[in-house]
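See below for the structure under consideration.
Residue numbers (my numbering): 392 to 475.
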């Protein structure tokens with residue numbers, strides 16, 4: 392039920408290509424076969440979310456970890472060294 396609802400909501404935007412690895416190959420073949428812009432980026436252009444989303448998200452996660460998490464971990468390590 393949940394997957395059906397998500398496909399119902401996102402299919403008009405992304406053509407319901409949930410797995411970018413399984414979606415990208417057929418799009419490349421369709422593009423080479425002459426389908427042009429129907430294949431890449433697709434009728435609504437939502438395909439780029441699957442390519443750029445993980446790249447931008449990974450950089451954002453790295454920055455979040457480096458700015459907010461790492462300083463706290465360094466403080467814990469210093470406390471442990473002083474206790475010894």
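Note that CB positions come from ideal geometry on N, CA and C, so glycine has one too.
None of the values given here were measured: they were computed from a predicted structure.
Give the DSSP-derived three-state secondary structure of residue i in the structure shown.
i, result
"residue 430", "coil"
"residue 422", "helix"
"residue 453", "helix"
"residue 392", "coil"
"residue 466", "helix"
"residue 438", "coil"
Given a cut-off of 7 Å, decide if residue j and residue i are closer than it, judged by their beta-carbon atoms.
i, j, result
"residue 431", "residue 413", "no"
"residue 411", "residue 456", "no"
Answer with buried or exposed for residue i, where buried requires no fewer than 16 other C-beta atoms within 10 angstroms of its C-beta.
i, result
"residue 399", "exposed"
"residue 459", "exposed"
"residue 453", "exposed"
"residue 438", "buried"
Do you know how far the Cα of residue j is from the Cα of residue i?
i, j, result
"residue 444", "residue 425", "27 Å"
"residue 451", "residue 461", "14 Å"
"residue 401", "residue 420", "23 Å"
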